[in-house]
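Working notes for the structure below.
In structure tokens:
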């Protein structure tokens, strides 16, 4: 089973449908399974006087309110339809995270089969209930949450009608960028064992090694922000991958999937020829006459491995040579 890789475009389109399409191109070319945007109505999401996060103040106009910043990044329904058509052309799944009840309805009416719940909504009961009632596949991010809050959110989704097996829980840290020492990848495995659900990882670190490591640790879904250019103006560009990095991440994930294998420990086809070369056999350490008993004084262990295995050493010692042997000859 391959990892479901979500290339998170988020709001890195800067409100431009042309940039959004270029982001879809990049995600498709990188080999991601899905490209994800964000669906919200600024009026429903933030109050007019809500402050920006510190990282947003550093990457956008400090005098601009969170509402003003977000309003510029809204995508209307027609734009959603256009981007969905374009994703079909590029053979990549269109996803979008709804941030309010109206946006959940919009995405449901547009026919989305997978609903991504962002970390900030994990304690939003009406929101969780609305998504749970859709009975779709759900990907739940858990940044800032503890196990109790994850349990409450899962119970709400399941009680509202979503099957537990249709839910994937993503471990996440919502700091942009996330300091490596705060990643705590083992928490992903804690979530898996605590709730018996599929797990994944939503990454906000700089670089690509952490999401690749998450796949090795059992992540079934990986989500990662990307952009056309980290120097573009906007709140999330600085903590996003550029196109060549996204491609390298997906390639790394696919390689790790192959490397994980089936877990059966046995010689692989590629290494079978090495058995004869690298292993050893019992050989004569000096010339041996017919009728002479084999002993530690006349036999030893050397390559190649095409003769009698040294694991039968005790069986051979004490037996009588049935013919003459030259030094180094296989017994």
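Numbering (our numbering), first residue to last: 12 to 342.
We put the beta carbon where it would ideally sit given N, CA and C, even for glycine.
In this text, all values refer to a predicted model and were calculated from it rather than measured experimentally.
TODO: Following the continuous beta strand (DSSP E) through residue 212, name the residue where it begins and the one where it ends.
DONE: DSSP places residue 212 inside the beta strand (DSSP E), whose first and last residues are 209–214.
TODO: Would you kindly report the start and end of the unbroken alpha helix (DSSP H) that includes residue 42?
DONE: Unbroken run through residue 42: none, as it is neither H nor E.
- [ ] With DSSP as the reference, label residue 234 as helix, strand or coil.
- [x] Three-state DSSP puts residue 234 in a strand.
- [ ] Determine the extent of the beta strand (DSSP E) in which residue 151 is found, giving its start and end residues.
- [x] In this chain, the beta strand (DSSP E) harbouring residue 151 covers 148–152.
Task: Nearest to residue 294 (by Cα), restricted to the options 59, 309, 49 and 119 - done: Nearest neighbour of residue 294 by Cα position, chosen from 59, 309, 49 and 119, turns out to be 309.
TODO: Enumerate, from N- to C-terminal direction, the unbroken beta strand (DSSP E) stretches of 3 or more residues contained entirely within the region 159–189.
DONE: Listed in chain order, the complete beta strand (DSSP E) runs (minimum 3 residues) inside the region 159–189 are 178–183.
Task: Assigned exposure category for residue 137 - 16 Cβ within 10 Å defines buried - done: The Cβ neighbour count for residue 137, taken over all protein chains shown within 10 Å, is under 16; the residue is labelled exposed.
Task: Span of the alpha helix (DSSP H), counted from its first residue to its last, around residue 226 - done: Counting along the chain, the alpha helix (DSSP H) containing residue 226 begins and ends at 220–227.
Task: DSSP state of residue 13 mapped onto helix, strand, coil - done: Looking at residue 13 - three-state DSSP - the assignment turns out to be coil, as it is neither helix nor strand.
Task: Residue range of the alpha helix (DSSP H) that includes residue 84 - done: Boundaries for residue 84: no alpha helix (DSSP H) harbours it, and the DSSP string shows neither H nor E there.
Open item on the list: Would residue 36 and residue 83 qualify as a contact pair, given that the criterion is a beta-carbon distance under 9 Å?
Closed with: No, the Cβ-Cβ distance between residue 36 and residue 83 is not below 9 Å.
Task: Residue from 42, 273 and 89 whose Cα sits closest to the Cα of residue 28 - done: Considering only alpha carbons, the answer is 89.
Task: Under the three-state DSSP convention, the category residue 109 falls into - done: It is a strand residue.
Task: Spatially closest choice to residue 315 from 328, 291 and 338, by CA coordinates - done: Comparing C-alpha distances from residue 315 to each of 328, 291 and 338 shows the shortest one belongs to 291.
- [ ] On the DSSP bridge assignment, give the partners of residue 310 in chain order.
- [x] Looking at the DSSP output, residue 310 bridges to 295.
Task: Check whether residue 85 and residue 47 have beta carbons under 9 Å apart - done: No, the pair does not count as a contact, with Cβ atoms beyond the cut-off.
Open item on the list: With DSSP as the reference, identify every bridge partner of residue 49, one or two as the case may be.
Closed with: DSSP links residue 49 through a beta bridge to 108.
- [ ] Please determine, among 183, 30 and 189, the residue with the shortest C-alpha to C-alpha distance to residue 197.
- [x] Ranking the options by Cα distance to residue 197, first place goes to 183.
Open item on the list: Using a 10 Å radius around the Cβ and a threshold of 16 neighbouring Cβ atoms, would you call residue 234 buried or exposed?
Closed with: The residue is buried, with at least 16 neighbouring Cβ atoms inside 10 Å.
- [ ] Could you give the DSSP three-state label for residue 206: helix, strand or coil?
- [x] In the structure shown, residue 206 adopts helical secondary structure according to DSSP, grouped into three states.
TODO: Below 8 Å on the Cβ atoms is my guess for residue 304 versus residue 323; work out the distance and round it to an integer in Å.
DONE: Contact annotation, residue 304 with residue 323: C-beta distance approximately 16 Å; criterion of less than 8 Å not satisfied.
Open item on the list: So if DSSP puts residue 125 in a beta bridge, which residue, or which two residues, is it bridged to?
Closed with: In DSSP, residue 125 forms a bridge with 148.
- [ ] Can you grab the Cα-Cα spacing for the pair residue 317 / residue 334, in whole Å?
- [x] Cα-Cα distance, rounded: 19 Å.
Task: Spatial neighbours of residue 327 in its chain, beta-carbon cut-off 8 Å, leaving aside the 5 residues before and after - done: Within its own chain, the residues whose Cβ lies closer than 8 Å to the Cβ of residue 327, once the five positions on either side in sequence are excluded, are 293, 305, 310, 319 and 342, listed in chain order.
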